[in-house]
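Chemist: Residue numbers (the UniProt record's numbering), protein chains in the order written: chain A, 1 to 103; chain B, 1 to 103. Dropping a structure here in structure tokens format, bear with me for questions.
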DNA sequence: CTTGAGGTACGATGCAAGACGTACCTGAAA
DNA sequence: TTTCAGGTACGTCTTGCATCGTACCTCAAG
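If you want it as structure tokens, here you go:
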């Protein structure tokens, strides 16, 4: 239900708003930098915020269509929607990885 | 004197925050779509907000390093910083023009 | 079954941001 | 010089959002 974003109704404003936050940008940049696209846990990003706030951030990223969230009940898997992003917003991930590398 | 943004200290968060607003995104998209890069007036964008709010929006765009504002005293010229943007944030303008064309 | 770590739901809070009203400045044209 | 449209400055209102506290849920491991 309601898979919005790059793979759905792709609102560029929603995507930019999602990526305006440094924590969320860090998450996507890390995912984008790892070419293996393996599933990661929310915890593995070491965000310096409470878990409630993390829930919030990952939800924003999901609603922007940037990630998939796989629910296992008591834990959650995160996966970058690389293909959809590159198809609908080509160049976006490059911007993020470039910033992270300190261009 | 504080030329921030793509041509200066390029904070991607500031740029995304600037482009998260639909009015500002419209401005940049229109500028990007016009290859002639001619100078335009603030009025020529027909933003459905008051002139005070327009002043605000153009300031945000300037502080994000996306436009130049040429002050003539009682009127103002707007110019896209295309070269700097394409150098520091390649692909960004394409994302905006693509959205506007209804990709 | 109990425990505990990972997650969510809901509410509260503090702050940033969009929008406008009023007042004022600037310069071209009448 | 008077007028007036274009812009700015400042204050205010309202909305959105990042953050956290409290409470509850879920499942795997004892």
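Quick reminder that beta carbons are idealized off the backbone N, C-alpha and C, glycines included.
Just verifying my parser: in three-state terms, what is the DSSP assignment at residue 69/B?
Modeler: In the structure shown, residue 69/B sits in a strand (DSSP, three-state: E or B).
Chemist: For residue 109/A and chain B, any beta-carbon pair shorter than 7 Å?
Modeler: There is no way to answer for residue 109/A, as the model of chain A reaches only from 1 to 103.
Chemist: Once the 5 residues before and after residue 25/A are set aside, which same chain residues still bring their CB inside 7 Å of it?
Modeler: Counting only Cβ-Cβ distances below 7 Å, and skipping sequence neighbours, we find 19 and 96.
Chemist: Taking the DSSP output, what are the residues bridged to residue 78/B?
Modeler: Residue 78/B pairs with 40/B and 69/B.
Chemist: Which residues bound the alpha helix (DSSP H) around residue 98/A?
Modeler: It spans 92-100 - the alpha helix (DSSP H) in which residue 98/A sits, taken as one unbroken run.
Chemist: Using a beta-carbon distance below 7 Å, is residue 102/B in contact with chain A?
Modeler: Closer than 7 Å: no.
Chemist: Which residues, in chain order, does the UniProt domain "HTH arsR-type" (4-100) of chain A contribute to contact with chain B at a C-beta distance below 9 Å?
Modeler: Here the close residues are 10, 11, 12, 13, 14, 15, 16, 17, 18, 19, 20, 21, 22, 25, 88, 89, 90, 91, 92, 94, 95, 96, 98 and 99.
Chemist: Quick check on residue 47/B: does DSSP put it in helix, strand or coil?
Modeler: Reduced to three states, the DSSP call for residue 47/B is coil.
Chemist: At what residues does the alpha helix (DSSP H) containing residue 35/B begin and finish?
Modeler: Neither: residue 35/B is in no alpha helix (DSSP H) and is coded neither H nor E.
Chemist: Going by the beta-carbon positions, is the gap between residue 39/A and residue 77/A smaller than 7 Å?
Modeler: Yes. Within cutoff.
Chemist: Rounded to the nearest angstrom, what separates residue 1/B and residue 51/B at their Cα positions?
Modeler: Below a pLDDT of 50, predicted positions are generally treated as unreliable, and residue 1/B, at 41, falls in that range; the measurement from the model is reported next regardless. Roughly 26 Å between the two C-alpha positions.
Chemist: Taking 7 Å as the threshold (C-beta atoms), are residue 81/A and residue 68/A in contact?
Modeler: It is a contact, given that the beta carbons lie within the stated cut-off.
Chemist: Between the Cα of residue 35/A and the Cα atoms of 56/A, 99/A and 94/A, which residue gives the shortest distance?
Modeler: Comparing Cα-Cα distances from residue 35/A to each of 56/A, 99/A and 94/A, the minimum goes to 94/A.
Chemist: Report the three-state DSSP secondary structure of residue 19/A (helix, strand or coil).
Modeler: The answer is helix: DSSP assigns residue 19/A an H, G or I state.
Chemist: Closest to residue 59/B by CA distance: which of 72/B, 83/B, 42/B and 11/B is it?
Modeler: Residue 59/B has its Cα closest to that of 42/B, out of 72/B, 83/B, 42/B and 11/B.
Chemist: Pick helix, strand or coil for residue 29/A, following the three-state DSSP scheme.
Modeler: In this structure, residue 29/A counts as helix in the three-state DSSP scheme.
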